[in-house]
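A short worksheet on the structure shown next.
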Amino acid sequence: MIKLVTLQKRHPSLTRPEFEQRWLTIHGPMAAAFPGLRGYMLGFSLDEGEPDADGLAQLWFDSREATQVSYASDIGRQGSADASAYLARRQHLLASEHWFTTTGPLSSTPFKLVLGMKRASDWSRGNFAAHLVSDDIRSIGPACGAAQFRVSLDEAGLMLDSRTTGPLELVEGEAVFDGLLELWFATRAAADEGRVRLRALAEERLAPIVSGTEEFLLREHVVVMPPVPAYGLERMQ
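Numbering (the working numbering), first residue to last: 85 to 321.
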């Protein structure tokens, strides 16, 4: 199973409430019809003001190739055109998921903290991915007080082509991030405290291996129920 993560910043013509409502009621149902889609969740930013991203979309498919085939379909191209018309930022990441801690359905831990990481120039993709599933990273979730914790990794260096015209194929290249730390909390207060701890741990443990990071505090909404492991009901094998 592969997850497509899309960073979203709304077009200036939309307010944040308008953007969230549109994605839940118009674009979400459109994307839910993509061929081969296995799950779809929207996470909207809880930060005040103007965050760099208003939300993150997550779409699950059987493989990277299946993701590209879906986006190359007529329905996929229509969805891409609709998204591009209402977004000022639209960046993709194709990632595999590695669960460290699960306690139940994600609905029991609705506050999600995400740290996007771009590897340092002296780290290979393989070494970076191996480090992010090591015991050193595994301990970050409990140290932040997270009830659930997983890492998502771009292990292949293949990017989705989500244009609306011409032949579409996966492209070798550098995605916006090489990995995501994903932590869930039962309350907003726990998430805010976890964020403070994560920033300190990132400075201590991640600074030598990353060239840049971006963090997101989200409230997630299910559009299409993801596969069982992705939704946190059991450990991903």
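Beta carbons: idealized from backbone N, C-alpha and C, even for Gly. Keep in mind it's a predicted model, so treat the numbers as computed, not measured.
- Assigned with DSSP and collapsed to three states, residue 95 falls in coil, not helix or strand.
- Between residue 159 and residue 119, the beta carbon gap of about 7 angstroms places them in contact (Cβ cut-off 8 angstroms).
- Relative to residue 214, the option among 243, 100 and 181 whose CA is nearest is 181.
- Residue 240 and residue 150 have their C-alpha atoms spaced approximately 15 angstroms apart.
- Taking C-beta atoms as the reference points, residue 179 and residue 231 fail to come closer than 7 angstroms.
- Burial of residue 137 is indicated by the presence of at least 16 other C-beta atoms within 10 angstroms of its C-beta.
- As the crow flies, the alpha-carbon of residue 116 is around 32 angstroms from that of residue 278.
- Residue 310 is a Cβ neighbour of residue 144, given a cutoff of 7 angstroms.
- Residue 146 and residue 236 have their C-alpha atoms some 15 angstroms from each other.
- In terms of Cβ geometry, residue 105 and residue 139 do not form a close pair [threshold 7 angstroms].
- Residue pairing by DSSP places residue 185 opposite 233 in a beta bridge.
- If you ignore the 5 residues before and after residue 130, its C-beta comes within less than 6 angstroms of the C-beta of 301 and 303, all in its own chain and listed in chain order.
- Under the Cβ criterion (8 angstroms, minimum of three pairs), the segment 166–180 does not count as touching the segment 121–135.
- Note that the C-beta distance between residue 161 and residue 248 is below 7 angstroms.
- In summary, residue 238 is buried, with 16 or more beta-carbon neighbours lying within 10 Å of its beta-carbon over all protein chains present.
- Counting only the Cα atoms, residue 153 lies some 29 angstroms from residue 216.
- Excluding the 5 residues flanking it on each side, residue 298 has same chain C-beta neighbours closer than 6 angstroms at 200, in chain order.
- Residue 263 and residue 202 have their alpha carbons spaced roughly 7 angstroms apart.
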